[in-house]
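By my numbering, the letter at position 28 of the sequence shown is numbered 147, and the numbering carries on one by one without gaps.
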Amino acid sequence: MDTHDNKGLVVLCAASQYDRKYYLNPAFGKLPQAVKDQLQIACVVFTEQAGGTIEILFDEDGEMLIQTNGEEMDVNYDEIGAGLLVKELRKEKAELFEELTLFYRIVFLGEKLDLD
């Protein structure tokens, strides 16, 4: 899996229920192990519940995106259910996702931290 997709998005991590794999972009390898573990658990549990795949990405402005997909013939993947699970994931992991977004903006985009 590439660290960038064809739309200029940067992949943080992804998981697939189909091949039972988890991917963490090596560019984020210096994140604390506890953060990496939380991301892996969240992605794997998501795919176990919703099926399909999940990707956590950053756009060119540093906004975090969560994308899910299911293969056309996958009768277990429910797009509406996956959408609800994404909302739940965003709520449960809000603090983690805010910190990762700040990290991405500072480290990868070079933004300055405004302490005012």
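C-beta atoms are modelled at their ideal positions from N, C-alpha and C, and glycine is treated no differently. These numbers come from a predicted model, not from an experiment.
VAL154 sits in a helix when the DSSP states are folded into three classes. ALA133 places its beta carbon 8 Å or farther from that of PHE165.
For the 8 Å CB-CB criterion, ALA201 and ALA169 form a contact. The straight-line gap separating the alpha-carbon atoms of LEU208 and LYS126 is approximately 24 Å.
With a contact defined as Cβ atoms closer than 8 Å, THR220 and VAL205 miss out at about 16 Å.
Note on LEU131: 16 or more other CB atoms within 10 angstroms of its CB, so buried under the neighbour-count rule.
Minimum Cα-Cα distance from GLY171 among the listed residues PHE216, TYR223, ARG139, ILE225 corresponds to ARG139. Distance from the CA of GLU214 to the CA of GLN157, rounded to the nearest whole angstrom, comes to 12 Å. Annotation for TYR141: the continuous beta strand (DSSP E) segment containing it runs 140-143.
DSSP lists ILE175 as the bridge partner or partners of ILE185.
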